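*Asks:* Structure below; questions to follow.
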Amino acid sequence: MKSNNYEQLRTMPNTSPPAALCASLKAIRHVALDMDGTIYKGGTLFPFTIAALRALKAMNIRYSFLTNNPSKSAREYLQRLHDIGIPASADELYTSAQATIDYLQVHRPAVKRLFILGAPGMIAEFEDAGFVSTADDAADRPDAVVVAFDTSLVYPRLCRAAWWVAEQLPYIATNPDRVCPTDKPTVLVDCGSICAAIEHATGRKPDLVVGKPNPRMLEGIMKKYALRPGEIAMVGDRLYTDIAMAINTRALGVLVLTGEAQREDVEKSALKPDIVVNDLAEFCAMLEALPINHYKPV
Ligand SMILES: [Mg+2]
């Protein structure tokens with residue numbers, strides 16, 4: 003049974019998907035959820051989120067939280083989700099910092115010492131994974147540079163990162179985002195913009211940007227749950243990260259209009275989502291409105 007609360011929070015009276023989409027929707031077994039702009043904005047949980055997650059569970063559709071924002075460690079994210087009323091386990095969360103650690107361990111096993119532009123929680127996460135975080139010192143030479151959304155950024159460390167990049171060390175960025183969404187009167191300068199400053203100073207772009215739209219983020223989840231591309235939907239608020247990644251992995255791309263992108267952006271963009279909905283609740287309602295709801299256990 004759907005809760006009354008959920009019924010009240012539905013945003014569109016007619017949620018039946020077009021016939022052509024029904025087959026794609028019926029195949030969905032897992033929903034990868036962007037976080038900021040999709041389940042909350044800044045510090046504010048959307049009023050429909052908890053009911054929408056319950057609805058997915060009721061349909062036997064698993065979900066994972068996927069974020070490009072590495073400024074909090076996985077532990078901090080889980081605590082934050084818990085604090086706003088979303089129970090989540092460690093295996094339901096995948097951040098771009100975790101994806102960067104996975105990338106380095108699998109593809110760059112010789113890299114142990116990193117100069118990291120990142121928040122303290124993220125640096126601790128790398129240290130917990132066995133990496134050494136080198137000091138802001140020209141004598142403390144790292145094996146590679148990792149640049150992230152560093153909310154504790156200070157000028158000398160930015161200069162040190164640029165120095166190692168100019169020295170041609172391997173250079174990895176956690177995520178391409180230019181800004182981080184916020185409901186506060188400020189612009190949160192994100193990893194992509196910090197990399198742009200380094201590029202302006204050194205002429206080098208990162209060798210690899212690990213987060214969305216790099217398929218690596220979604221492929222990890224697909225591998226973990228043995229999913230084929232058509233069985234996973236990527237739900238997010240950004241065309242150039244969430245939807246681009248869905249296209250890159252042939253997952254179902256679902257754009258929500260609760261964050262960055264608006265309908266007019268979709269018209270202008272070459273990155274076309276499979277579905278555009280007002281919010282996550284509307285997407286869940288679409289799944290529930292399928293002619294045969296085969297998700298429910300017999
Ligand atoms: Mg987002």
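Take the sequence shown: its letters are residues 3 to 300, numbered as in my numbering.
Backbone N, C-alpha and C define an ideal beta-carbon position, used for all residues, glycine too.
Nothing here was measured: the structure is a model prediction, and the numbers come from that model.
1) Run through DSSP, which three-state label would L116 get?
2) Given that a residue counts as buried once 16 or more other Cβ atoms are within 10 Å of its Cβ, and exposed if not, what is T251?
3) Starting from the N-terminal side, write out each stretch of the beta strand (DSSP E) that is 3 residues or longer and does not extend beyond the segment 127-163.
4) At which residue ranges does the segment 172-220 contain complete beta strand (DSSP E) runs of 3 or more residues, listed in the order of the chain?
5) With 16 other CB atoms within 10 Å as the buried threshold, where does Y157 fall?
6) For a minimum of 4 consecutive residues, which ranges assigned as the alpha helix (DSSP H) are wholly contained in the segment 87-115?
7) Under 7 Å: does the beta carbon of T40 sit that close to some heavy atom of ligand 1?
8) Among D244, V181, P231 and L23, whose alpha-carbon lies nearest the alpha-carbon of R31?
9) Suppose only complete runs of 4+ residues qualify. What are the alpha helix (DSSP H) ranges in the segment 219-278, listed by chain order?
10) Excluding five sequence neighbours on each side, which residues of the same chain lie with their C-beta closer than 8 Å to the C-beta of T114?
11) Classify S75 as helix, strand or coil using the three-state DSSP reduction.
12) Per DSSP, L47 is paired with what?
13) Short check: CB of M124 to CB of S195, under 8 Å?
14) If you follow the beta strand (DSSP E) that A310 is in, where does it begin and where does it stop?
15) Using C-beta distances below 8 Å, list every residue in its chain close to E78, excluding the 5 sequence neighbours before and after it, in chain order.
16) Given that a residue counts as buried once 16 or more other Cβ atoms are within 10 Å of its Cβ, and exposed if not, what is M237?
17) With H, G and I counted as helix, E and B as strand and the rest as coil, what does DSSP make of A22?
18) Considering Cα atoms alone, identify which of V147, D104, D152 and L83 is closest to G120.
19) Closer than 8 Å is the cut-off here; do at least three beta carbon pairs connect the segment 257-275 with the segment 96-111?
20) Is the beta carbon of P172 sitting closer than 8 Å to the one on G213?
21) Any chance the segment 80-96 sits against the segment 45-59, with 3 or more Cβ pairs inside 8 Å?
22) Would you mind working out which of I234, A199 and A263 sits nearest L289, comparing C-alpha positions?
23) Rounded C-beta distance between P215 and C197? I'm assuming under 8 Å.
24) Taking buried to mean at least 16 other C-beta atoms within 10 Å of its own C-beta, is C161 buried or exposed?
*Replies:* Concretely, from the data shown:
1) Position 114 of the sequence shown, counting from 1, holds the residue named residue 116. Here L116 sits in strand by DSSP.
2) The residue given as residue 251 occupies position 249 in the sequence shown. The residue is buried, with at least 16 neighbouring Cβ atoms inside 10 Å.
3) 146-149
4) 173-175
5) The residue you call residue 157 lines up with position 155 of the sequence shown. So Y157 counts as exposed.
6) 98-109
7) In the sequence shown, residue 40 corresponds to position 38, counting from 1. T40: yes, Cβ under 7 Å from ligand 1.
8) Translated into positions along the sequence shown, residue 31 becomes position 29. Considering only alpha carbons, the answer is P231.
9) 246-251 and 265-270
10) Residue numbering aside, residue 114 sits at position 112 when the sequence shown is read from its first letter. According to the sequence provided, residue 114 is Lys. The question's Thr does not apply to it. Counting only Cβ-Cβ distances below 8 Å, and skipping sequence neighbours, we find G132, F133, V134 and D145.
11) To locate residue 75, count along the sequence shown from 1; it is residue 73. If DSSP states are grouped into helix, strand and coil, S75 belongs with coil.
12) Walking along the sequence shown from the start, residue 47 turns up at place 45. In DSSP, L47 forms a bridge with Y42.
13) Position 122 of the sequence shown, counting from 1, holds the residue named residue 124. Position 193 of the sequence shown, counting from 1, holds the residue named residue 195. No, these two residues do not count as a Cβ contact at 8 Å.
14) There is no way to answer for residue 310, as the model of the chain reaches only from 3 to 300.
15) By one-based count along the sequence shown, residue 78 stands at place 76. Once the five neighbours on either side are set aside, the close Cβ partners of E78 are G123.
16) Within the sequence shown, the letter at position 235 stands for residue 237. Note that residue 237 is Val in the sequence shown, not Met. Buried, because 16 or more other Cβ atoms sit within 10 Å of the Cβ of V237.
17) Counting from 1 along the sequence shown, the entry for residue 22 is found at position 20. Residue state, collapsed to three classes: helix.
18) On the sequence shown, position 118 is the one that residue 120 refers to. If we check each option's Cα against that of G120, D152 comes out closest.
19) no
20) Position 170 of the sequence shown, counted from the start, is the residue given in the question as residue 172. Position 211 of the sequence shown, counted from the start, is the residue given in the question as residue 213. No; because the gap between Cβ atoms is not below 8 Å, this pair is not in contact.
21) yes
22) Here the question's residue 289 lines up with position 287 in the sequence shown. For the residues I234, A199 and A263, the minimum Cα distance to L289 belongs to I234.
23) The count along the sequence shown starts at 1 and reaches residue 215 at position 213. The count along the sequence shown starts at 1 and reaches residue 197 at position 195. Contact flag wrong, Cβ pair sits at about 15 Å.
24) The residue labelled residue 161 in the question sits at position 159 within the sequence shown. So C161 ends up on the exposed side.
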